[in-house]
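A quick write-up on the structure given underneath.
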Amino acid sequence: MPGPSGSLPPRHRAGGGAAGRGSREGAGGPRGRTDTTGLPVPTEGGGTGIGPHGCGGGSLRRAPRGAACVACGKPGAPGAAAGLGRPGRGGVGVGQGRGRARAAGVPGGRTVIVGAFVPRSVWQDAPGVGRLLDTLARAGVHAVFTEAEEYEASWVELAHGHGLRFVAGVACFSDHARGNAVLRSRPELWPVLQDGSLRPFEDWYVGVTPTYEDYAEQRLRKVEEVATGYGVDGLVLDFVRWPLRWEVETRPGRKPLQAGFDPHTLRRFEAWSGLRVPHGQASERARWVLQHAQDAWREFRCAVITDFVAEAARRARSLRPGLWLGLYAVPLPPEDQEMLTGQRIGALAQHVDVVAPMAYHRLVERPVPWVAEVVAQHAVSAPGRVLPVVQVDGPPWEVGEAVALALGVRGVCGVVVFPGTAVEDAERQRALRRGLSSETSLAVEDPQLSGPPLAEAERQEATGGKRRNQDRQGSQDL
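Below, the structure is given as structure tokens:
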């Protein structure tokens with residue numbers, strides 16, 4: 311397979327680097343007619359989503375009240391939408407389940423994705439998560455996002471029972487959910503810093519070096535399993551980056567730790583770039599790379615991550631055509647984002663439906679207006695495909711302002727609140743509603759995303775009656 315599986319093409323053969331600057335079809339293959347941003351649009355006699363009658367047509371756009379279905383011509387239900395709108399009974403259709411079928415209060419008749427991240431640990435408490443899902447639905451949320459190493463099909467069914475879509479996450483280059491067991495059994499995967507030392511633990515996080523073929527293959531198989539095994543409505547790649555504890559290391563006054571200077575990775579870099587890194591101590595070799603080959607090093611790091619995402623998208627969509635895909639992005643300026651994490655947003659956006667910058671202003675100790683700044687940076691590179699994730703566990707006034715600022719950036723297609731459990735607080739619920747209905751959200755683009763929910767028969771086939779043991783440890787990061 312291409313990319314981090316050990317076969318990055320030589321740089322001179324890729325026209326300046328295999329950093330994913332391919333066609334918009336990318337690894338996912340053709341996805342029907344697209345608009346100017348490359349997003350799928352309905353076609354005559356069909357569509358990119360499920361119509362309000364479960365007819366197979368429609369889009370994520372909200373139909374005007376009383377309008378006919380774009381696919382079958384029947385009178386449309388107010389607020390009916392597809393993509394990541396609410397599933398109807400049996401997981402089919404949109405807008406016929408509990409609650410409203412559009413983002414609560416978003417002006418201009420637009421429908422955007424309104425999601426909430428629900429930690430894995432919450433799903434273990436069925437009564438508790440049921441109450442939370444009901445609260446989220448009332449607050450205007452219509453999609454729940456989570457992340458686990460193992461999933462239960464019952465979680466998806468529970469979300470659908472509350473009129474919510476279920477979007478799963480897969481941790482790509484971090485083994486924190488299993489207590490970093492892979493690093494104990496395979497110490498060569500431990501990230502090496504530019505001073506030659508092993509990357510230290512930062513609380514629960516250390517990361518995994520992304521250039522090892524067999525480990526990348528394991529994570530790609532996990533993507534395949536989650537895409538097909540539980541009937542999820544979407545899948546988001548997490549920790550799809552070079553190791554960085556960005557929530558701490560990008561705070562004011564902190565110097566981020568750049569990893570990837572192990573012998574294996576440097577050999578991969580040499581093969582990719584055609585350069586020869588002088589022999590010596592790890593710190594000396596790292597210094598040479600950063601002083602004499604910085605541009606090639608940046609391109610290489612972006613190529614590793616972009617090629618992994620392209621392969622993950624290709625595999626997922628070959629098994630689930632039209633599956634809604636995304637990835638979580640580290641909230642950094644483009645130059646730092648590429649060098650430290652290998653995330654080149656414009657290239658990555660060619661392979662997924664959304665790029666989700668984790669705009670956690672409180673964790674990185676930034677003021678609330680920083681949310682709009684970092685979201686806008688991503689929207690420049692991926693217009694119409696940016697789904698910001700905002701932190702909402704602060705004071706209620708911050709919640710409303712952060713949501714409104716995120717939605718006010720032209721080029722976004724919705725918002726996800728993190729953590730969703732924070733919305734259990736009544737004042738934060740009201741603040742969320744205010745943020746969703748704020749005049750600042752008038753600039754929101756009208757997106758059309760692929761990936762309708764599975765029909766019930768298809769869902770039963772996909773899940774195969776499987777019930778998984780609950781994950782032992784959950785993700786601490788989106």
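To get the numbering used here, take the position in the sequence shown, counting from 1, and add 310. Think of the CB as a built atom: it goes at the ideal place given N, C-alpha and C, for glycine as much as any other residue. Computed from a predicted structure; not experimentally measured.
DSSP places residue 745 in the uninterrupted alpha helix (DSSP H) bounded by 736-747. Annotated as distal: residue 475 and residue 458, with beta-carbon spacing of 7 Å or more. For residue 560 and residue 566, the gap between their C-alpha atoms comes out near 6 Å.
Partner residues in the beta bridge of residue 475, as assigned by DSSP, are 453.
Listed in chain order, the non-local C-beta contacts of residue 690 below 8 Å within the same chain comprise 721, local neighbours out to five positions each way being set aside. At a Cβ-Cβ threshold of 7 Å, residue 499 and residue 522 count as neighbours.
The segment 564-601 is shown to contain whole alpha helix (DSSP H) runs of 4 or more residues at 573-583, in chain order. If you draw a straight line from the Cα of residue 606 to the Cα of residue 583, it is about 7 Å long.
Per DSSP, the continuous alpha helix (DSSP H) segment holding residue 605 begins and ends at 604-629. Taking a C-beta distance under 7 Å as the contact criterion, residue 730 and residue 427 qualify as a contact pair. By a beta-carbon distance limit of 8 Å, residue 585 contacts residue 603. Their separation comes to about 6 Å.
Nearest in C-alpha terms to residue 517, of all of 528, 508 and 501, is 501. In the structure shown, residue 635 falls within a strand segment according to DSSP collapsed to helix, strand and coil. By the beta-carbon neighbour count (other beta carbons within 10 angstroms, threshold 16), residue 433 is buried. Of all C-beta pairs linking the segment 697-713 to the segment 660-674, three or more are shorter than 8 Å, placing the two stretches in contact. Counting along the chain, the unbroken beta strand (DSSP E) around residue 666 starts and ends at 664-669.
Residue 512 has 515 as its beta-bridge partners, per DSSP.
The DSSP-derived three-state label of residue 660 is coil. The beta-carbon distance between residue 450 and residue 422, rounded to whole angstroms, is 10 Å. This is too long to meet the 8 Å contact definition. Three or more beta-carbon pairs drawn from the segment 629-638 and the segment 536-555 are found closer than 8 Å, and the two stretches are therefore classed as touching. Membership of residue 709 in the alpha helix (DSSP H) is indicated by the continuous run 706-717. Per the DSSP secondary-structure output, residue 503 pairs in a beta bridge with 569.
In terms of Cα proximity to residue 572, the closest of 632, 631 and 505 is 505. Between the segment 584-600 and the segment 709-721 there are fewer than three C-beta pairs closer than 8 Å, too few to call the two in contact. For the pair residue 629 and residue 537, the CB atoms are nearer than the 7 Å cut-off.
Look at residue 541 here: in three-state DSSP terms it is coil, with no helix or strand label. Linking residue 555 to residue 512 through their CA atoms gives a straight-line distance of about 7 Å. In this structure the segment 646-665 lies against the segment 612-632, because at least three pairs of beta carbons, one per stretch, are closer than 8 Å. Here residue 484 is buried, its C-beta having at least 16 other C-beta atoms within 10 Å.
Counting C-beta atoms within 10 angstroms of its own C-beta, residue 707 has fewer than 16 neighbours from the protein chains shown and is therefore classed as exposed. According to the DSSP secondary-structure assignment, residue 547 is paired through a beta bridge with 480 and 637. Sixteen is the threshold: since fewer than 16 other Cβ atoms of the shown chains lie within 10 Å of the Cβ of residue 531, the residue is exposed.
Note that the C-beta distance between residue 574 and residue 619 is not below 7 Å.
In summary, residue 590 is exposed, with fewer than 16 beta-carbon neighbours lying within 10 Å of its beta-carbon over all protein chains present. Residue 533 and residue 625 do touch by the CB rule: their CB atoms are close to 6 Å apart, below 8 Å. One thing to note: residue 673 has its Cβ no nearer than 7 Å to the Cβ of residue 709.
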